[in-house]
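Trainee: Take a look at this one; I'll ask things after.
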Amino acid sequence: MTTQTVELVHEKNIVVEKKYHMSYEEFAEKHLFANYPVVIGDACEAWSAKKKFTPQFFKKHYSDREVSIAGKTYNFGEYIDWMLTGTEANPAPYPCTLQIESEYPELLRDVTPPLKYAQPSRIGSKLVPNRLLSGANTLEIFFGSPGAMFPYVHYDFMCLHAFITQLYGDKEFTVIPPDQTPYLYPTPGNVWVSQVNDIWNPDLEKYPLFAKATPVSFVVGPGETLFIPCGWWHTARSLTPTISVALDSLNASNWKNFMNEVDMNMQKHRPKLAKAVQAYLSVTGGILGTFEKAGVKV
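Just so you know, we're using UniProt numbering here: the sequence shown kicks off at 1 and counts up by one.
So this is what it looks like as structure tokens:
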């Protein structure tokens, strides 16, 4: 089936498109290995969550649960009410997240089969030590009200790819390419977080290089999945009450970037082990690549 393409935004030399009926081969060539974002219009067609995950569903089944947001605890049912009535001027706290695999495993069946575009993924492999990926997202639900905004501009932890599937409401994403990293003023000691905390009204006296950056914004709606490649800076804000599912991905396309992030952390915290860890990951990458070509997950 021929890919159907809609241009969402064209800013200078950056073009973000929405695609339907895209083959995995096209995705791999033009986005995964090209490290270029795309909105996939039909990636989650088989998910029951596409219709099921609504504010009413979560309030009916989980209103007595508690959620922690920015160090504070809230009743989830009350949070859902706040999410539905929040405004640009008075948004509900954000981000409110639920971990599906560890906290709500009964919801796993609603987000299966796994997104084909996010496969294969080395997260969870027995050959990749868990401590190197302790901050990776493996199916995390985000809830937000109108005006809710991610608290900082960042690229995903350890240079992982991100897949964000919007299931309810509209969310505006803003992305900035990796080659503009010097304009983002990475935070010393936490280089995946930008010091520019308001990209819509930046302090150019404090961050003059940001004037050279090209933030590109577009809206992702229900049933659509945004692929944010490794190293792409991004942030998001809800335009309406929103529910989305996010997960990270690691494979051959971003393995070297991942190794560089690991090395940077090891040099800082365990310098004597850094060289050995790099050697292990180099060999492991080749082994995993061989298994992936054979369609075997280890």
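Built from N, CA and C at the ideal position, the CB exists for glycine as well.
Just verifying my parser: in three-state terms, what is the DSSP assignment at His31?
Mentor: His31: helix per DSSP, three-state reduction.
Trainee: Which first and last residues belong to the alpha helix (DSSP H) in which Thr290 is found?
Mentor: Start and end: Pro271 to Lys293.
Trainee: Could you check what DSSP says for Gly72 in three-state terms: helix, strand or coil?
Mentor: The residue asked about is misnamed: residue 72 is Lys in this sequence, not Gly. Strand at Lys72.
Trainee: Measuring only the C-alpha atoms, how far is Gly124 from Glu205?
Mentor: Taking the straight line joining both Cα atoms gives about 44 Å.
Trainee: Count the C-beta pairs between the stretch 35-46 and the stretch 11-18 that are closer than 8 Å, then say yes if the count reaches three, no if not.
Mentor: They touch, by the three-pair rule.
Trainee: So what's His61 in DSSP terms, helix, strand or just coil?
Mentor: Helix.
Trainee: Figure out for me which residue from Ala43, His21, Lys293 and Lys72 has the closest Cα to the Cα of Tyr117.
Mentor: Of the listed residues, the one whose Cα sits closest to Tyr117 is Ala43.
Trainee: Which term fits Arg109, buried or exposed, when burial requires 16 or more other beta carbons within 10 angstroms of its beta carbon?
Mentor: The residue is exposed, with fewer than 16 neighbouring Cβ atoms inside 10 Å.
Trainee: Considering only heavy atoms of the ligand COA, does any lie closer than 6 Å to the CB of Thr54?
Mentor: The ligand COA is not among the ligands present in this structure, which contains no ligands whatsoever.
Trainee: Please report the residue range of the beta strand (DSSP E) in which Ser23 lies.
Mentor: Unbroken run through Ser23: none, as it is neither H nor E.
Trainee: Measure from the alpha carbon of Phe57 to the alpha carbon of each residue in Ile243, Leu288 and His154, then state which is nearest.
Mentor: When only C-alpha atoms are compared, the closest one is Ile243.
Trainee: Starting from Ala236, follow the beta strand (DSSP E) in both directions and report where the run begins and ends.
Mentor: Counting along the chain, the beta strand (DSSP E) containing Ala236 begins and ends at Trp233 to Ser238.
Trainee: In this structure, what does DSSP give as the bridge partners for Ser66?
Mentor: For the record, residue 66 in the displayed sequence is Glu; it is not Ser. Looking at the DSSP assignment, Glu66 forms a beta bridge with Asn75.
Trainee: Ignoring anything shorter than 3 residues, give me the beta strand (DSSP E) runs that lie fully in the UniProt domain "JmjC" (116-266), in order along the chain.
Mentor: Taking only runs of at least 3 residues, the beta strand (DSSP E) segments lying wholly in the UniProt domain "JmjC" (116-266) are 140-144, 161-168, 171-176, 190-194, 216-220, 224-228, 233-238 and 242-249.
Trainee: What would DSSP say about Thr85, mapped onto helix, strand or coil?
Mentor: Looking at Thr85 - three-state DSSP - the assignment turns out to be helix.
Trainee: Is it buried or exposed for Asp179, if we count other Cβ within 10 angstroms and need 16 for buried?
Mentor: Exposed: under 16 other Cβ atoms inside 10 Å.
Trainee: Identify the continuous beta strand (DSSP E) that holds Glu45 and give its terminal residues.
Mentor: From DSSP, Glu45 is part of no beta strand (DSSP E); its letter is neither H nor E.
Trainee: Ignore the nearest five residues each way along the sequence and tell me which others in Tyr152's own chain have a CB closer than 8 Å to its CB.
Mentor: Around Tyr152: Val193, Ser194, Asn197 and Thr235.
Trainee: Out of Ile199, Met266, Phe142 and Asn75, point me to the one whose CA is closest to His154's CA.
Mentor: Closest option to His154, Cα to Cα, is Ile199.
Trainee: Just grab the DSSP bridge partners of Glu106 for me.
Mentor: Looking at the DSSP assignment, Glu106 forms no beta bridge with any residue, so it has no partner.
Trainee: Helix, strand or coil for Val9, going by three-state DSSP, please let me know.
Mentor: Residue state, collapsed to three classes: strand.
Trainee: Evaluate contact between the stretch 253-261 and the stretch 89-101, counting only Cβ atoms and requiring at least three cross-stretch pairs below 8 Å.
Mentor: Segments in contact, no.
Trainee: Going by beta carbon distance, what residues of the same chain come within less than 7 Å of Leu32, once the five residues before and after it are set aside?
Mentor: Cβ within range, chain order: Ser253.
Trainee: Comparing alpha-carbon positions, which option in Lys12, Thr284 and Leu239 lies nearest Ser145?
Mentor: Among Lys12, Thr284 and Leu239, the Cα nearest to that of Ser145 belongs to Leu239.
Trainee: How far does the beta strand (DSSP E) with Thr97 in it extend, from its first residue to its last?
Mentor: First-last of the beta strand (DSSP E) with Thr97: Cys96 to Gln99.
Trainee: If we count Cβ pairs, one from each stretch, closer than 8 Å, do we get three or more for the stretch 76-83 versus the stretch 118-137?
Mentor: Cβ pair count under 8 Å is below three, so no.
Trainee: Under 7 Å, do Phe157 and Met83 count as touching if we go by C-beta distance?
Mentor: No, the Cβ-Cβ distance between Phe157 and Met83 is not below 7 Å.
Trainee: Leaving out the 5 sequence neighbours to the left and right, which residues in its chain are closer than 8 Å to Ala274 when beta-carbon positions are compared?
Mentor: Taken in chain order, the residues that qualify are Asp263, Met266 and Gln267.
Trainee: Asp248: buried (16+ other C-beta within 10 angstroms of its C-beta) or exposed?
Mentor: Classification for Asp248: buried.
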